[in-house]
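Colleague:
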Amino acid sequence: MEITQPISPAKKDSKKILNLGQELVKDHTIHLLMVVIYGAFAYFYTNGISGFVLLFLGLAIGLSLIPADEKYLYHWYQDKEDKTSKTFYVTHSVLYFLTLIPTSIFVFTSSGSFLAIGIISGMMLYLITEMYLKLKEPLLFFDRFLQGVKIEPTQKSLKTMLVCSVLFFIFLNFFVIL
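Residue 74 in our numbering sits at position 74 of the sequence shown; the count goes up by one each step and never skips.
1) For residue 49, count the other beta carbons within 10 Å of its own beta carbon; 16 or more makes it buried, fewer makes it exposed. Which is it?
2) If you measure between the beta carbons of residue 131 and residue 142, is that distance less than 8 Å?
3) Considering residue 142, what are the terminal residues of the alpha helix (DSSP H) in which it resides?
4) Please return the same chain residues whose Cβ sits closer than 6 Å to the Cβ of residue 126, not counting the five positions on each side in sequence.
5) Rounded to the nearest angstrom, what separates residue 173 and residue 98 at their Cα positions?
6) Around the C-beta of residue 151, are 16 or more other C-beta atoms found within 10 angstroms, so that it is buried, or is it exposed?
7) Taking residue 34 as the reference, give the member of 45, 56, 46 with the closest Cα.
8) Count the other CB atoms within 10 Å of the CB of residue 111; is the residue buried (16 or more) or exposed (fewer)?
9) My guess is that residue 58 and residue 128 are in contact by the Cβ rule of under 8 Å, so how many angstroms apart are they, rounded?
10) Going straight from the alpha carbon of residue 158 to that of residue 168, what length do you get?
11) Hey, how far is the Cα of residue 178 from the Cα of residue 41?
12) Give me the residue from 122, 154, 93 with the minimum Cα distance to residue 107.
13) So is residue 106 in contact with chain C if we call contact Cβ pairs under 8 Å?
14) Do you know how far the Cα of residue 91 is from the Cα of residue 69?
15) Can you look up residue 163 in the DSSP assignment and give me helix, strand or coil?
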């Protein structure tokens, strides 16, 4: 007869954290890959290891903000009446994209903070990667990124939005490099 010991609450919590980490890596592998590639390029343009560590920490925070909004944060800002209808995510709204543009310009050109640049870069990389993944399904892309917009989605307009986003991201990074 084998005697089993009860699992302590600390072990249960560590298993939950490990499972959550594995789930995040499985669900967001391509996003993590994009951050690693961006981090590899950024390593050569930061001021020493401390700047790189702050940038990479910011990338991790920025990368986790959007999935956190999709899983947990939207409960705080969504009205109770709206919970029966389709879920609205602030980080996928047109207003969010429009405010991200001047915010990112300010952060990249004026803040001087590698942590802030990393947070903005992480969010932008996540959104650009997600746009690319949803590009093959125009209705899903439109539903995901253009909630509330009353235009007809076309493949050409969605590709244009993706290309403009990528070019804007590259343009912003030249401010840091130069």
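C-beta: ideal position from N, C-alpha, C; glycine also.
Modeller: Let me spell this out:
1) For this step, residue 49 is matched to residue 49 along the sequence shown. So residue 49 ends up on the exposed side.
2) Stepping through the sequence shown from its first residue, residue 131 is reached at position 131. Stepping through the sequence shown from its first residue, residue 142 is reached at position 142. Contact: no.
3) Taking the sequence shown and counting its residues from 1, one reaches residue 142 at position 142. Here the alpha helix (DSSP H) through residue 142 covers 138-145.
4) Translated into the one-based positions of the sequence shown, residue 126 becomes position 126. Here the set comprises 31, 63, 66.
5) The sequence position of residue 173 within the sequence shown is 173, counting from 1. The sequence position of residue 98 within the sequence shown is 98, counting from 1. Residue 173 and residue 98: Cα-Cα distance of roughly 18 Å.
6) On the sequence shown, residue 151 is found 151 positions in, with the first residue counted as 1. Flag for residue 151 reads exposed.
7) Here residue 34 is taken as the residue at index 34 of the sequence shown, counted from 1. Nearest of 45, 56, 46 to residue 34, Cα basis: 56.
8) Within the sequence shown, the letter at position 111 stands for residue 111. Exposed, since its Cβ has fewer than 16 Cβ neighbours within 10 Å.
9) Counted from its first residue, the sequence shown places residue 58 at position 58. Counted from its first residue, the sequence shown places residue 128 at position 128. With a Cβ gap of about 16 Å, residue 58 and residue 128 do not count as contacting.
10) Your numbering for residue 158 matches position 158 in the sequence shown. Your numbering for residue 168 matches position 168 in the sequence shown. Each residue's Cα considered, the two are about 15 Å apart.
11) Taking the first residue of the sequence shown as 1, we reach residue 178 at position 178. Taking the first residue of the sequence shown as 1, we reach residue 41 at position 41. Because residue 178 sits at a pLDDT of 48, beneath the cut-off of 50, its placement in the model cannot be relied upon, and the following sentence gives the value as read from the coordinates. Their backbone Cα atoms lie some 14 Å apart in a straight line.
12) Locating residue 107 in the sequence shown gives position 107, where the first residue counts as 1. Checked all of 122, 154, 93; the closest Cα to residue 107 is 122.
13) The structure shown contains no chain C; it holds only a single protein chain.
14) Residue numbering aside, residue 69 sits at position 69 when the sequence shown is read from its first letter. Residue numbering aside, residue 91 sits at position 91 when the sequence shown is read from its first letter. Roughly 7 Å separates the two Cα atoms.
15) Here residue 163 refers to the residue found at position 163 of the sequence shown. Note: residue 163 maps to helix in three-state DSSP.
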